[in-house]
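Residue numbers (this note's numbering): 445 to 722.
A virtual CB, placed ideally from N, CA and C, is assigned to each residue, including glycine.
This structure is a prediction, so every number in the text was calculated from the model and none was measured.
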Ligand code: HPA
């Protein structure tokens, strides 16, 4: 395990060194663009696109719904690095491996993380198309990206998650949604499951009873690493489908992608309004 750990630290350092040499400027704001939300990278000006394959030791995306590009540029004067496409536990990666890009962006200097995803709604008040700002999370992925020896210069052994999702960033985002007159924007608890199978009706009922408002297969590992690194985090779930355990409908990936892409324009407008204030 120790050798494996040392090699992980070394790979992170090499990826950091590669990007330090390659990027025109260090990022201050990092974006993780989830399923159907990759188009938000078009908000950036002066774009430099680096495919993940070119970045030393970056994982490779195995799902077709996720492009694999690091896109650097400017948004209202802010230096932004966007991860267009992410990695998941269900692809076979450990959560330490799949969070490596976020770790590298933190080490490059990013102080704030916007992390987005497509999710299944559990709160009956949500409709498909609801934008849920993540207020808190439940981690049902049987792994933690910080398991193993702690790298003290990266963050503390036992990071506090009492305020994992920054309240001020959420308030700014709600205020921005108000200014734009966007409806169906709320807050809630995100539950991360390992996937890739979708939930059964009984699991859906269980997650709802646990206090979850939405469920998905990502985000929590990245947030744990970001908080470990001291970043402020805003999490945004696009509720693509709503799962009612008493009238359960099949959950189809094509529909998730279609609904999330249909929300893309609202998400982009919201991000364009709020990210400059972060
Ligand atoms: N369950 C899990 N992940 C998802 C869902 C869902 O219903 N919708 C989008 N991602």
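**OP:** Return yes when at least one heavy atom of the ligand HPA lies under 8 Å from the C-beta of residue 685, else no.
**Re:** Locating residue 685 in the chain shown gives position 241, where the first residue counts as 1. For the ligand HPA, at least one heavy atom lies less than 8 Å from the Cβ of residue 685.
**OP:** Return yes when at least one heavy atom of the ligand HPA lies under 8 Å from the C-beta of residue 542, else no.
**Re:** Taking the first residue of the chain shown as position 1, residue 542 is located at position 98. Incorrect: residue 542 has no Cβ contact closer than 8 Å to the ligand HPA.
Subject >> Three-pair Cβ contact test at 8 Å for the segment 626-643 versus the segment 575-593 >> reply: yes
Original post:
Among 561, 626, 619 and 520, which has the Cα closest to the Cα of residue 531?
Top reply: Here residue 531 refers to the residue found at position 87 when the chain shown is read from its first residue. When each option's Cα is compared against that of residue 531, the closest is 561.
Subject >> residue 664: first and last residue of the uninterrupted beta strand (DSSP E) it sits in >> reply: Taking the first residue of the chain shown as 1, we reach residue 664 at position 220. Run containing residue 664: none in the beta strand (DSSP E); it sits in the alpha helix (DSSP H), 664-672.
Original post:
Taking DSSP as the reference, what is the three-state secondary structure of residue 681?
Top reply: In the chain shown, residue 681 corresponds to position 237, counting from 1. Three-state DSSP puts residue 681 in a strand.
Subject >> Extent of the continuous alpha helix (DSSP H) to which residue 711 belongs >> reply: Along the chain shown, read from residue 1 onward, the residue named residue 711 stands at position 267. That run of the alpha helix (DSSP H) goes 708-718.
**OP:** Could you round the C-beta distance between residue 609 and residue 678 to whole angstroms and report it? I think they count as a contact, below 8 Å.
**Re:** What you label residue 609 is simply residue 165 of the chain shown in a count that begins at 1. What you label residue 678 is simply residue 234 of the chain shown in a count that begins at 1. Between residue 678 and residue 609 the Cβ distance is about 7 Å, and since that is below 8 Å, they are a contact.
Subject >> Identity of the residue in 521, 536, 699 and 492 nearest residue 506 by Cα >> reply: Numbered from 1 along the chain shown, position 62 holds the residue referred to as residue 506. Among 521, 536, 699 and 492, the Cα nearest to that of residue 506 belongs to 536.
**OP:** Assign residue 674 to buried or exposed, taking buried as 16 or more other Cβ atoms, counted over all protein chains shown, within 10 Å of its Cβ.
**Re:** By 1-based counting over the chain shown, the position of residue 674 is 230. Its Cβ having fewer than 16 others within 10 Å, residue 674 is exposed.
Subject >> Helix, strand or coil at residue 459 [DSSP, three-state] >> reply: Here residue 459 corresponds to residue number 15 of the chain shown, with the count starting at 1. Note: residue 459 maps to helix in three-state DSSP.
Original post:
What are the partner residues of residue 632, as DSSP defines its beta bridges?
Top reply: By one-based count along the chain shown, residue 632 stands at place 188. According to DSSP, residue 632 bridges with 578.
Original post:
Rounded to the nearest angstrom, how far is the Cβ of residue 544 from that of residue 503, given a contact under 8 Å?
Top reply: To locate residue 544, count along the chain shown from 1; it is residue 100. To locate residue 503, count along the chain shown from 1; it is residue 59. About 6 Å; that satisfies the 8 Å criterion.
Original post:
If you drop the 5 nearest sequence neighbours on each side, which residues of the same chain put their C-beta closer than 6 Å to that of residue 695?
Top reply: As a first step, residue 695 is located in the chain shown; it is residue number 251 there, counting from the start. If we look at residue 695 and ignore the five residues flanking it on each side, its Cβ neighbours are 642 and 685.
Subject >> Cβ-heavy atom distance, residue 481 to the ligand HPA, below 8 Å >> reply: For this step, residue 481 is matched to residue 37 along the chain shown. Residue 481: no, Cβ never under 8 Å from the ligand HPA.
Subject >> Same chain, Cβ closer than 7 Å to residue 628, neighbours up to 5 away in sequence not counted >> reply: Position 184 of the chain shown, counting from 1, holds the residue named residue 628. Around residue 628: 571, 573, 574 and 575.
**OP:** Please classify residue 660: does DSSP put it in a helix, a strand, or coil?
**Re:** Along the chain shown, read from residue 1 onward, the residue named residue 660 stands at position 216. Residue 660 falls in the strand class under three-state DSSP.
Subject >> Neighbourhood of residue 516 by C-beta, 6 Å cutoff - its chain only, sequence neighbours within 5 removed >> reply: Against the chain shown, residue 516 aligns to sequence position 72. These residues qualify, in order along the chain: 467, 492 and 525.
Original post:
Can residue 680 be considered in contact with the ligand HPA, in the sense that its beta carbon sits closer than 8 Å to one or more heavy atoms?
Top reply: Walking along the chain shown from the start, residue 680 turns up at place 236. For the ligand HPA, not one heavy atom lies less than 8 Å from the Cβ of residue 680.
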